[in-house]
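Student: Below is one structure. I have some questions about it.
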Amino acid sequence: MKIKLLFFFVIVLVIACSCKSKDVPDYKYYKNEIVKAKKLQEEKKTVVTTDTSNKNKSYLSKEDKVKFANELGVSEADIMNEKLYHTIDSWLGVPYKWGGNSKKGIDCSAFVQQVYSEVYKKELPRTSIEQFYLDTKAHFKNQEYLKEGDLIFFRLRHKDKVVSHVGIYLQNGKFLGSNSPRGVEIVDLNSNYWQDKYVASSRLLNN
1 MKIKLLFFFV IVLVIACSCK SKDVPDYKYY KNEIVKAKKL QEEKKTVVTT DTSNKNKSYL
61 SKEDKVKFAN ELGVSEADIM NEKLYHTIDS WLGVPYKWGG NSKKGIDCSA FVQQVYSEVY
121 KKELPRTSIE QFYLDTKAHF KNQEYLKEGD LIFFRLRHKD KVVSHVGIYL QNGKFLGSNS
181 PRGVEIVDLN SNYWQDKYVA SSRLLNN
C-alpha cells in the first residue's frame with residue numbers, strides 16, 4: 001500500500017512539474033512580444049522626431065545671409081527661404097549655354113526648371129514659352145505685386161514671338177536668371193535694359 005501511495009505521489013509530481021514547465025515558455029513568449037512591441041513604438045517615435053528636425057534644417061551660415069542681404073539691398077532677416085538662397089549660391093557663375101541644362105552650362109528656362117524642382121519640388125516645362133503658357137490665369141503685369149518665386153518673362157528681341165527669356169523674382173527689384181553672356185546671376189529688374197524687354201509675370205507658387 002505504501003509503495004502504491006509513493007508511486008501515486010511521484011506520478012502527480014511529474015505531471016505538476018510538466019505543466020509548470022509548459023507554462024514558463026508561454027510566459028516568456030508573451031513577455032518577449034511585449035518587449036518587441038515597446039521597442040517598435042520607440043523606433044517609430046525616433047523616426048518622427050528625425051523627420052521633424054529635418055524640416056527645420058538651416059541651409060545658410062550667417063556670412064551667407066549677410067552676403068545675400070547685401071546683394072539684394074535688404075536686411076539679413078529678409079533672407080527667410082534659406083533653401084532657395086543655398087541653391088542659388090551653388091549655381092551663381094555657371095556659364096550661359098543655349099540648350100544647356102547642367103552646371104557646365106545652362107540656359108534661362110532650364111535654370112528656372114532646375115531651381116523650381118530643387119527648391120519648390122514643382123516640375124515645370126522645359127522652354128520659356130511653355131512656362132509662360134503653363135497657367136495664363138497666373139499672369140499679371142504690374143511689377144508692384146511681385147513676390148519671391150514669381151516667374152518674370154521677357155522678349156529679348158522684337159522679332160521674338162511673345163517671350164524668349166525667363167527669370168525668378170527674388171526681392172527688392174532683383175531677379176535671378178541665366179543671362180547671356182554672363183550666365184547665372186542676380187540682376188536689377190528696374191534697369192532700362194530689362195524694363196524695355198519686360199512682358200509679364202506669373203505666380204505659380206502658393207506663397
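First residue of the sequence shown? That's 1 in our numbering, and the numbers climb one at a time after it.
Don't be surprised by glycine CBs; every beta carbon is placed ideally from N, CA and C.
(1) Nearest CA to the CA of K104: which residue from V94, L205, F111, L189?
(2) Apart from the five residues on each side of it in sequence, which residues of its chain come closer than 7 Å, Cβ to Cβ, to S58?
(3) My guess is that S61 and Q143 are in contact by the Cβ rule of under 8 Å, so how many angstroms apart are they, rounded?
(4) Secondary structure at I186, three-state DSSP: helix, strand or coil?
(5) Contact defined as beta carbons within less than 8 Å: I believe E148 pairs with Y116. What is the distance between those atoms, to the nearest angstrom?
(6) With distances taken between CB atoms, is the gap from V163 to R155 smaller than 8 Å?
(7) Measuring alpha carbon to alpha carbon, tell me which residue in L205, W91, R203, S180 is nearest W98.
(8) Let me make sure I understand the geometry here. Which of L84, A77, E71 has the alpha-carbon closest to that of D150?
(9) To which residues of the same chain is D135 closer than 8 Å at the C-beta, ignoring the five residues directly before and after it?
(10) Using a Cβ-Cβ cut-off of 7 Å (strictly less than) and excluding sequence neighbours within five positions of P125, which residues of its own chain qualify?
(11) Determine the contact status of D188 and G173, defining contact as a CB-CB distance below 8 Å.
(12) In chain order, what residues of the same chain have a beta carbon less than 6 Å from the beta carbon of W91, not counting five sequence neighbours either side?
Tutor: A quick look at the data gives this:
(1) Counting from one through the sequence shown, the residue named residue 104 turns up at place 104. Ranking the options by Cα distance to K104, first place goes to V94.
(2) On the sequence shown, position 58 is the one that residue 58 refers to. Contacts found: E82.
(3) Counting from one through the sequence shown, the residue named residue 61 turns up at place 61. Counting from one through the sequence shown, the residue named residue 143 turns up at place 143. Wrong, their Cβ atoms sit about 32 Å apart, outside the cutoff.
(4) Counted from its first residue, the sequence shown places residue 186 at position 186. The answer is strand: DSSP assigns I186 an E or B state.
(5) As a first step, residue 148 must be located in the sequence shown, where it is residue number 148. As a first step, residue 116 must be located in the sequence shown, where it is residue number 116. So it is not a contact: roughly 13 Å between Cβ atoms.
(6) Position 163 of the sequence shown, counted from the start, is the residue given in the question as residue 163. Position 155 of the sequence shown, counted from the start, is the residue given in the question as residue 155. It is a contact, given that the beta carbons lie within the stated cut-off.
(7) Here residue 98 refers to the residue found at position 98 when the sequence shown is read from its first residue. Answer by Cα proximity: S180.
(8) Counting from one through the sequence shown, the residue named residue 150 turns up at place 150. Nearest C-alpha to D150: L84.
(9) The sequence position of residue 135 within the sequence shown is 135, counting from 1. If we look at D135 and ignore the five residues flanking it on each side, its Cβ neighbours are S202, L204.
(10) Taking the sequence shown and counting its residues from 1, one reaches residue 125 at position 125. Same-chain partners within the cutoff: Q131, L134.
(11) Walking along the sequence shown from the start, residue 188 turns up at place 188. Walking along the sequence shown from the start, residue 173 turns up at place 173. For D188 and G173, yes; Cβs fall inside 8 Å.
(12) Translated into the one-based positions of the sequence shown, residue 91 becomes position 91. Result list for W91: V184, in chain order.
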